[in-house]
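Chains as they are written, first to last, in full-length UniProt numbering: chain A, 1 to 622; chain B, 1 to 354.
Here a beta-carbon is modelled for each residue, glycine too, at the ideal position from N, C-alpha and C.
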Amino acid sequence: MSTLARKKGVGAVIWDYLTTVDHKKIAILYLIAGGIFFLLGGLEAMIIRIQLAVPNNDFISAGFYNEVLTMHGTTMIFLAAMPLVFAMMNAVVPIQIGARDVAFPFLNALGFWLFFFGGVFLNLSWFLGGAPDAGWTSYASLSLASPTHGIDFYVLGLQISGFGTLIGGINFLVTIINMRAPGMTYMRMPMFTWATFVTSALILFAFPPLTVGLIFMMMDRLFGGNFFDPALGGNTIIWEHLFWIFGHPEVYILVLPAFGIFSEIFATFSRKRLFGYSSMVFATVLIGFLGFMVWAHHMFTVGMGPIANAIFAVATMAIAVPTGIKIFNWLFTMWGGSIRFTTPMMYAVAFIPSFVIGGVTGVMNATAAADYQYHDSYFVVAHFHYVIVGGVVFALLAGAHYWWPKMFGKMLDEKLGKVTFWLFFIGFHLTFFIQHFLGLMGMPRRVFTFLPGQGFETGNMISTIGAFFMAAGTIVLLANVVITTVKGKRVGNDPWEDGRTLEWAVSSPAPEYNFAQTPLVRGLDAYWIEKMEGKKGLTPAEPLGDIHMPNPSILPFVISLGLFVAAFGFLFHNDHAWGTPVGVVGLLITLGAMFFRSIIDDHGFHIHKEEVMEAEKKGAGA
Amino acid sequence: MKKWLRNWRLVSLVSAMALLLAGCGKPFLSTLQPAGEVADMQYKLMLLSTAIMVIVIAVVTIIFLYVVTRFRRRKGEENKIPKQVEGSHTLEIIWTVIPIILLIILAVPTVLYTFKLADVKPMNKKERDVVVVNVRANLYWWEFEYPDYGIITSQDLVVPTGERVYFNLKASDVKHSFWIPAVGGKMDTNTDNTNQFFLTFDDKRAEEAGRLFYGKCAELCGPSHALMDFKVKALPRGEFDQWVEKMKNAKPVASTDPVVKQGEEIFNKSCIGCHAVTPVDGRPEQARLAPNLGNFADRERIAGILEHNEENLKAWLKDPEKIKPGNKMTGTYPALSDEELEALTKYLMTLSVQ
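Structure, rendered in structure tokens:
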């Protein structure tokens, strides 16, 4: 049953990906789906910037603008950044800890398909009466007043994809706790694995409040609930709290893996071990912890009173300390190193000043009394784009270039990679730096247009020009992907030559079973240690034997499809008679698939020793 | 001596930044050209935090530039293996402690100002002698009620300069946010509760800004969120008192002009259900569905955004949807002929208290 080295037709490949439970293939699925949503969110961003290029522009209408801005935020956070982070985690973490797969391969596939169907569901709103239009934060009074089904797509779509994320988070927690190779103690785990670990814990605690909020809103909008109706004893501020109790940790859910990616890249291309590893771990955990203590800084102007505002202001400032520790540790990782400026390293190096700007404006936002001025102005827009683009997107681009050979066996073209980098880097600062000043000059955020004569013209024009640079960078990246896929040369285990962690010890891409023999880990940067001792491979921790693998399954796809169908039914149940039956059928599909999953005994299969030996020989020859 | 030097550096950095930032934006709109006590406090905090942050950025940038130039891999170093340093406790303590000190320097005034700005006791005393305005935000217009004077106006807030003006803030439909950038910001108008805060309009700087500040809605509230502007007239106390008296005593003037009379008839037939035409309006707020037009002719803008003239007023009355998409006025009255538009416009332009 092994699928090793077998040529297949298109149909078989598609079926393979629909049913796969292999973390490496799921990583590719996440990368493709997240990449497509990233392009979609980017397109929405371009529409926003074109509309705001000049005052009183009528490129799009006011109502449509609100849909675009909502979908830009929602898509970029939930459907682009999150899955791309998961793509990196799936591609790398199991190999980094010396495991053959994640703890629950079936759940891993289920997590992906839930995210995917949730995202598709959300985006179908464009064709079915209008997208959500209350901002990605979807504050309750506005979202309940929204006349179209857009918000219903938002609450149902995000619930489905949220389940996927939660499942993914739990899976990685268990994987990292249970599946580490012998010798891989917690304090020998690569920084990216640590980041994944803390991030997964954050997901575990942050997504349930969001789900609660979404269910309340679903009740209010579709089933006659009154959780957010002040006239009937409800309260809209509760939504804001629930949303931000999720929403703030979400920032760290995105940015901690980014920190992890950069930690790997700094160490690799400085040819030095990460400076202050233990304080980096400590800082990561501390950021994760503090991330839950600061949500109300998004609500300084809500009227919580000075005591709450002061407490949350000081708590927020405290996060700057562990973040600062990280910045200096990265700088001193490079200090005394031998720095090679590859494309991933360019992003990593550019990340430091970019993210520092985003970080310090974060501290400025934390000063509650002054935040009364910044809040909901373009200053905030500038701030969080510095954090999310300058931190997360840079990291995802860096990570994609860095691990592309590990995922696909071919190197992205370095020249084109650097072109992308410069276009994106220049465009990014051009677009967002000026927005700090637009906000301070009195421009509120989420405006579909602005009137002339208020001093906003120049800044907005510059910002729009910058956006086109970023778009151009993205197009070059796409060309690079295509060219590499068609013409790229196959590479060996350690194409960057300075790889330090376990993923660089296996072939590119890694074989289905990752490690022919589970490795023995003898310290931080396990592969580097072996290389420095002049060894070619890893020290094995077990004799060569048959490898037990999980069977592929279509059930994750079916379970997710059922929820997708159910969401459609319930969304229209107030308008059409077929709504409720369709909803019930959808739920039955899901529950039925879950039932089959429970009763079918699936023991998986074995890759025999001889097959492994043959594959290893081929891998070494390639 | 050293401390003096450090202070001197900070002060010069702050003043250099203040000079630089003052060039930003318009005096009637920019937070960087503060025009009152609240905006001043906020501006001071901005400058202090920016100064600290510029220091941080400078330190990081210097180390950064040194590192990336000094330690790049040069030709002939392909096989060089740098020393694998684990870390340094001294350095780590330094870059933990210094940021903590910087943050404490910032946190103290932050907490202090946060409490100062929340001091609304004078407006909640039984015998109050301060100006209080009830702000009610609606899709997409603002109502300003002066409970102590029994008058109501919309779109143009009128306030006395040189004293604290207190606000009760709420929304009647969806959440909005009340923001006058140059004078201080900002507080949400919730649908659930009433928020309170105060602002101060400095007389001299109001004069410099033309006695007219721009106000904005700062919370996404629907299609025309971007157009939910209001204006603030900041008058010396004496002029403000005169304005209040005029508002209190405003009476509809019986016009002899037949066109105006026709306009009044149209208004009484189609508009008066929602719009009041006297600043003294005893109806409860639920009945006040649309802006009070008692001093309409004295306003600064049509619909909060267009220049105040008859042409724009006609355009608004003819098709409000085109000017403010999603507004609540569209479709609530029958279509008007050009003659009727002319009459209604003429009538509305007589609604003045001046």
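Between residue i and residue j, is the Cβ-Cβ spacing less than 8 Å?
i	j	result
A:A395	A:F275	no
A:I339	A:F269	yes
B:R164	B:F115	no
residue 628 of chain A	A:G162	Any question about residue 628 of chain A goes unanswered here, given that chain A covers just 1 to 622.
A:D224	A:G135	What sits at residue 224 of chain A in the sequence shown is Gly, not Asp. Cβ atoms of A:G224 and A:G135: not closer than 8 Å.
A:A181	A:I97	yes
B:V280	B:Y347	no
A:A366	A:M411	no
B:V67	A:M334	yes
A:F153	A:F121	yes
A:N574	A:R100	no
B:D188	B:G304	no
A:F425	A:Y65	no
A:Y30	A:N90	yes
Could you name the residues of chain B that residue i contacts, counting a contact when the two beta carbons are closer than 7 Å?
i	result
A:T148	Within chain B, no residue comes near A:T148; the closest Cβ sits about 12 Å away, beyond 7 Å.
A:S553	Going along chain B, no residue has its Cβ under 7 Å from A:S553, so there is no contact; the nearest lies around 43 Å.
A:M317	L103, L106, A107
So which residues on chain A does residue i lean against when the C-beta distance must stay under 8 Å?
i	result
B:L29	M441, G442, Q454, G455
B:D192	P230, N235, T236, I237
Tell me, to the nearest whole angstrom, how far the beta carbon of residue i is from that of residue j; I am working on the premise that it is less than 8 Å.
i	j	result
B:Q42	A:Y372	6 Å
A:G362	A:H383	6 Å
A:A131	A:G150	5 Å
A:L84	A:F38	7 Å
B:L351	B:F296	4 Å
A:L544	A:K609	6 Å
B:G215	B:I180	5 Å
Can you tell me where the beta strand (DSSP E) holding residue i begins and where it ends?
i	result
B:P160	156-160
B:N168	164-171
B:R136	131-138
A:N108	From DSSP, A:N108 is part of no beta strand (DSSP E) but of the alpha helix (DSSP H) over 105-124.
B:T200	195-200
B:S177	176-180
A:W136	No beta strand (DSSP E) contains A:W136, which DSSP labels as neither H nor E.
B:E145	141-146
B:A234	230-235
A:H606	605-607
B:Y214	212-217
Using a C-beta to C-beta distance shorter than 9 Å, which residues of chain A count as neighbours of residue i?
i	result
B:K231	By Cβ distance, chain A contributes nothing, its closest Cβ being about 12 Å from B:K231, past 9 Å.
B:N168	Going along chain A, no residue has its Cβ under 9 Å from B:N168, so there is no contact; the nearest lies around 11 Å.
Would you mind reading off the limits of the alpha helix (DSSP H) that contains residue i?
i	result
A:A467	457-487
A:V174	150-178
A:M549	Careful: A:M549 lies outside any alpha helix (DSSP H), inside the beta strand (DSSP E) at 547-549.
A:G11	10-19
residue 376 of chain B	Given a span of 1 to 354 for chain B in the structure shown, any question on residue 376 of chain B remains unanswerable.
A:F266	236-270
B:R346	The amino acid occupying residue 346 of chain B in the given sequence is Lys; Arg does not appear at that position. From DSSP, the alpha helix (DSSP H) with B:K346 extends over 338-348.
A:G324	320-334
B:G263	258-270
A:M441	Segment: none, A:M441 is in no alpha helix (DSSP H) and carries neither H nor E.
A:A62	62-74
Counting only Cβ pairs nearer than 9 Å, list the residues of chain B close to residue i.
i	result
A:V174	Within chain B, no residue comes near A:V174; the closest Cβ sits about 30 Å away, beyond 9 Å.
A:S61	P223, P325
Applying a beta-carbon distance threshold of less than 8 Å, which residues of chain B neighbour residue i?
i	result
A:V447	H225, A226
A:G135	L220
Report the neighbours of residue i on chain A: residues whose CB is nearer than 7 Å to its CB, in chain order.
i	result
B:A58	Within 7 Å Cβ-Cβ: nothing; B:A58 doesn't reach chain A, min ~10 Å.
B:I81	R271
Item to check | Residues within the segment 254-284 of chain A neighbouring chain B, beta-carbon criterion of under 8 Å | outcome: Flagged, chain order: S270, R271, K272, R273, F275, G276, Y277, S278, S279.
Item to check | Within 9 Å of chain B by C-beta, residues of the segment 332-352 of chain A in sequence order | outcome: Correct list: F332, T333, M334, W335, G336, G337, S338, I339, R340, F341, V349, I352.
Next on the checklist: Under 8 Å, CB to CB, which of the residues in the segment 213-226 of chain A have a partner in chain E?
Outcome noted: Looking for chain E here will not work: the only protein chains present are A and B.
Item to check | Short-range partners of chain B found in the segment 293-309 of chain A, where Cβ spacing is below 7 Å | outcome: Listed by position along the chain: T301, V302, G303, G305, P306, N309.
Checklist entry - When you check each C-beta in the segment 411-442 of chain A against every C-beta of chain B, which residues fall closer than 7 Å? => result So the close ones are F437, L440, M441, G442.
Next on the checklist: Please list, in chain order, the residues of the segment 196-214 of chain B that have any C-beta partner in chain A closer than 9 Å.
Outcome noted: Flagged, chain order: Q196, F197, Y214.
Item to check | Contact residues within the segment 67-97 of chain B, judged by C-beta distance below 8 Å to chain A | outcome: When CB distances to chain A are screened at a threshold of 8 Å, the residues of the segment 67-97 of chain B falling below it are V67, V68, F71, R72, R73, E77, K80, I81, P82, K83, Q84, V85, E86, G87, S88, L91, E92, W95, T96, in chain order.
Checklist entry - Using Cβ-Cβ distances below 9 Å, what residues of the segment 45-59 of chain A are close to chain B? => result Of all residues in the segment 45-59 of chain A, none has a Cβ within less than 9 Å of some Cβ in chain B.
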